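Chains as they are written, first to last, in the numbering used here: chain Z, 3 to 433; chain X, 145 to 557. Report on one structure; see the data block that follows.
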Amino acid sequence: MSHHDVVVVGTGLAGLTAAVRLAEDGARVLVLAKGVGATHLSAGTIDVLGYAPERVDRPAEALGALVDARPGHPYALVGAGGVAAAVDWFKARIAAGPLAPYAYAGGVEENLLLPTAVGVARPSAVVPETMAGGDLRRDAAICIVGFRALKDFHPALAADMLTRAGVRARGVELDLVPEGRVDVNALGFARAFDAPAFRAEVKAQVVAQLGVEERAAFPAVLGIADPHGAWTELEHGLGRAVFEIPTLPPSVPGMRVHKSLHETLRRAGGRVILNAVVTGAEHRGGHVSALRIRVGLREERRGADWVVLATGGLASGGIELDSRWKARETALGLPVTGVPEPGAERFRPGYFEDHPMARAGVAVDHGLRPVDGGGERLYENVLVAGATLAGAEPWREKCGDGLSLSTGYRAAELVLAASTAAGAAAGVAGS
Amino acid sequence: MTAHDGHDVLGDLMRASLDHCVKCTICETFCPVSNVTPLFPGPKYAGPQAERFRIDDEPSPDASLDYCSGCGICTQVCPQGVHIAEINTRARAQLKATQGVRLRDRILARPTLAGRLGTPVAPIANWSLGNRLLRLAAEKTLGIHHRAPMPRFAGRTFQRWARRHSAPAAAGRRVAFFHGCGTNYYEPRLGEMTVGLLEHNGLAVEVPKQDCCGLPLQSNGLFDDARGYVHRLAARLAPYAREGVDIVATSTSCSLMLKREALEILGMSDDPDLQVVSERVFDICEYLLAMRERGELKLDFQPLPETVTYHAPCQQQGHGIGKPALDLLALIPELRTIETGASCCGVAGTYGLKREKYDIAMKVGDGLFAEIAAAAPDRAVCDSETCRWQIEHATGVRAVHPVEVLHRASGLA
Ligand SMILES: Cc1cc2nc3c(=O)[nH]c(=O)nc-3n(C[C@H](O)[C@H](O)[C@H](O)COP(=O)(O)OP(=O)(O)OC[C@H]3O[C@@H](n4cnc5c(N)ncnc54)[C@H](O)[C@@H]3O)c2cc1C
Ligand code: SF4
Ligand code: SF4
């Protein structure tokens, strides 16, 4: 049985953040995951806090009020300062990662207001540099450029919705198709945008169609290997602000996050095994010594001093609700709190209503360690991070990625602090 | 007798997994083939989506399935546990069953046959393989691309060496070596080094008589023939497994076949020999690393002041064991190992040898080749033989199995 300092379960934003943070401090880290996480699906923005429940303009301030009012919210475990520290770390990692000089803009102090693909304003705190130019708080007309072959993105729809909300916007569509393709998704276009020839062709077709004052919006497909290059080239070539609007999955900006963190982890010596489902743990009292894993047709064991559980909650199979209404935490069998009683209402009709099921998850103590119904700590060396945590409503609060980033970061910091303390204690004992 | 005798339970589960697909497109973003060619629509379309329309004895609605290389990456990344690659491989066999299998694919699918024919006449066979005119003719008549990296016959077999080899007297625990066809006919030296390395670490290595694992037949859609090979191989290896002897393998794709693909894709869970064998097979690096963790591996490696790249082939990643070669190479003083980031070299067994797929395979491997070229290593380390041949062909860098490096560092060369 192999042994690692830390086994991280899950390779979403929470798991990758924890793993990179630990590996760069020298820990031997193994990431086990059933599959790739939600990075490839979400917008690639770090939404710290968008609604509480009214729209939030200044997340750092609103966070303080939120955790005072809702001590059971996972943000209460990291605090506004913890979120800011995680955001700074994240921005630095992306800027120094394999896609550099691609970088993030913004911070926890204030939210930008970015247009979505259906032309709705969306508050977000920390965003790719390629999106920042779309801030709707700035009063500049927008020309949304789309591609007829990209059937998941409709400039006319987005423009129409923005216009209704009082933003001057219009849409144009290009007939350009990446070479040899008929059916192309966002990634196909992103690959095309990595090539200077395609960028030049887009520039040539768009430039005459733009009004003097307009900024130019594109679907978020401006390059996957060289997004900074594609974006700056378009800004210079078109002589104006250019920005990306997130698309339906696959999310190219999300893939950039995954690529940056995954590559940074690899360079720091971390290991990843995919298609590895964690099915249980071996423990002595409150100490987990090994995880049970299903890979292919085999059951294996992997030993660890620490386990960071970042399994993505209901959306990613970290928590399951079966047809008998039994909720189950899939990796370690931890208790799930907040599940409505059988027969009780789980969901409400409106998308952004308060869904009773939304807050279900694993409850933890102040050190992110899982607790049972009575608040008793279950394991000393297991920490929970990300969407598996109970108490948040990431969809309504618009805080999914902010939560996963900050709790993943916090979990790593806690493990490092505890290991340093243990190391120091051992050093003292040994002297 | 088991309850599921005569019924392909695993196969049903593989197929039923399509209902878990949430259309998240994650597999699409990772598929190395659909990312470089419009000829293949990608794992989501060809897999869980098209599978709904596939009814026994009906032609598959999608001939493009033939362009799936079977690399298995889609299954690894899918967050919902959909067995995409397995579904595709089964459907491809069904497609071939209705369309017929080309002579070329029948030949490529039988490396032992080629090996037996080529070995005694190795100089001529190798000359033919190196002869451009003959290769062009082979491309025209057979459809094997004239530049495809075909292996060279060693002119001797590993089995022959193994029969004559006398083990050191003081050997301890027994281990059986499943070397596969590549080692037997093309790279016997790899087999010799493997035996040497295992003996150096105190194991008593036995080399059972063995034939092909049937994988090339499976990937070329010849399932019945493949099952025959698996049955025979499992019967040869089962006695060891039943005696509690571990079986180690140097070919990651052949060992994956025994570990799970024959059970999942060929539906052979009713073969009692295969059942015991599949639980006892280990990739050589997986095995050596486990020995290291038990304190059984000799760690007095000599310094190797050189640079190597390491590429984990997709079939190796299908084992779900991580990258044990990296941990082993890290034990060698002064060796600088650069792990490459690309997921696939393109060749995927026999896929990249075919006329209509050669260019696709080379394009798939582009990223890897560029990484290797940039690193300018002394050697390119890679666990799988066909990938090594592809890497050598594309980069000109000598490609070796991790065992070659460990063997030298153990002072055995
Ligand atoms: C389509 C979509 C759009 C979104 N848009 C936004 C947005 O605009 N803004 C925002 O803030 N948030 C958004 N979110 C939410 C946000 O992306 C997620 O809340 C956040 O990314 C979750 O990250 P995570 O690391 O906690 O979990 P995930 O990214 O879900 O990762 C979970 C990981 O755990 C693994 N796993 C689960 N169970 C097991 C097991 N038993 N064994 C092994 N591995 C296991 C999974 O395979 C996966 O690797 C969106 C989500 C989706 C799906
Ligand atoms: S990754 Fe899995 S769930 Fe997602 S589209 Fe592919 S098969 Fe479906
Ligand atoms: S097996 Fe490989 S080539 Fe085939 S669909 Fe999956 S990822 Fe693509």
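Built from N, CA and C at the ideal position, the CB exists for glycine as well. Predicted, not measured: the structure shown is a model, and the values here were computed from it.
The region 136-148 of chain Z makes contact with the region 239-250 of chain Z, as at least three CB pairs between them are under 8 Å. Taking the Cα positions, A419 of chain Z is about 10 Å away from A426 of chain Z. In this structure the region 69-86 of chain Z does not touch the region 374-381 of chain Z; the number of beta carbon pairs closer than 8 Å is below three.
Cβ-Cβ distances below 7 Å link L410 of chain X to Q362, F367, A370, R371, V374 in the same chain, with the five nearest sequence neighbours on each side left out; the list follows chain order. At a cut-off of 8 Å, the C-beta of V179 of chain Z has no neighbouring C-beta in chain X. The beta-carbon of A67 of chain Z is placed no less than 8 Å from the nearest beta-carbon of chain X. In the DSSP assignment, the residues bridged to H289 of chain Z are Z:R286. The continuous alpha helix (DSSP H) containing D162 of chain Z extends over residues 157-166. Within the DSSP bridge table, the entry for W308 of chain Z names Z:V8 as partners. By the Cβ rule, the region 214-226 of chain X does not count as touching the region 346-357 of chain X, because fewer than three pairs are nearer than 8 Å. The bridge partners DSSP lists for I321 of chain Z are Z:E331. The beta carbon of A348 of chain X lies closer than 8 Å to those of A311, A315, G316, R317, R318, V319 in the same chain, with the five residues before and after it left out.
Per the coordinates, the alpha-carbon of F200 of chain Z lies some 30 Å from the alpha-carbon of L115 of chain Z. Shortest Cα-Cα distance from L250 of chain Z to any of Z:L43, Z:E203, Z:A127, Z:A25 involves Z:L43.
Within chain Z, the residues placing a beta-carbon under 7 Å from that of G225 of chain X are K36, ordered along the chain.
Chain order gives the chain X residues near H42 of chain Z as C168, T169, I170, T173, where near means a beta carbon separation below 8 Å. Excluding its 5 nearest sequence neighbours in each direction, K501 of chain X has C-beta neighbours in its own chain below 6 Å: Y495, listed in chain order. With contacts defined by Cβ atoms closer than 8 Å, N187 of chain Z and E172 of chain X form a contacting pair. D27 of chain Z and H290 of chain X have their C-alpha atoms spaced approximately 50 Å apart. Residue pairing from DSSP places V386 of chain Z in a beta bridge opposite Z:L311. S272 of chain X has its alpha-carbon roughly 30 Å from the corresponding atom of T338 of chain X. By the CB criterion at 8 Å, R166 of chain Z and E112 of chain Z fall outside the cutoff.
Identification of chain X residues near A197 of chain Z by a Cβ-Cβ cut-off of 7 Å yields none; the smallest Cβ-Cβ distance measures about 13 Å.
Rounded to whole angstroms, H323 of chain X and Y411 of chain Z show a C-alpha spacing of 45 Å. Taking L267 of chain Z as the centre and dropping the five residues before and after it, the same chain places the C-beta of L18, A21, V22, A25, V31, V33, V274 closer than 8 Å to its C-beta, in chain order. With its beta carbon less than 8 Å from one in chain X, E265 of chain Z belongs to the interface. DSSP places I482 of chain X outside any alpha helix (DSSP H); the residue lies instead in the beta strand (DSSP E), whose first and last residues are 480-483.
Taken from the Cβ of L34 of chain Z, at least one heavy atom of ligand 1 lies inside 7 Å. Shown here, D390 of chain X sits in a strand according to DSSP, grouped into three states. Residue environment: A218 of chain Z is assigned as buried (16 or more neighbouring CB atoms within 10 Å of its CB, all protein chains considered). Below the 7 Å Cβ cutoff, chain X contributes G466, K467 as neighbours of R273 of chain Z, in chain order.
Sequence-ordered contacts of the region 474-493 of chain X with chain Z read E483, G485 [C-beta pairs closer than 7 Å].
For secondary structure counted as the alpha helix (DSSP H) over 4 or more consecutive residues, the region 289-357 of chain X holds these complete runs in sequence order: 302-308, 332-344. Put simply, the CB of P312 of chain X is far from chain Z, with every gap to its CB atoms at 8 Å or more.
Taking CB atoms only, Q220 of chain X has a neighbour in chain Z less than 8 Å away. Collapsing the DSSP output to three states places L224 of chain Z in coil.
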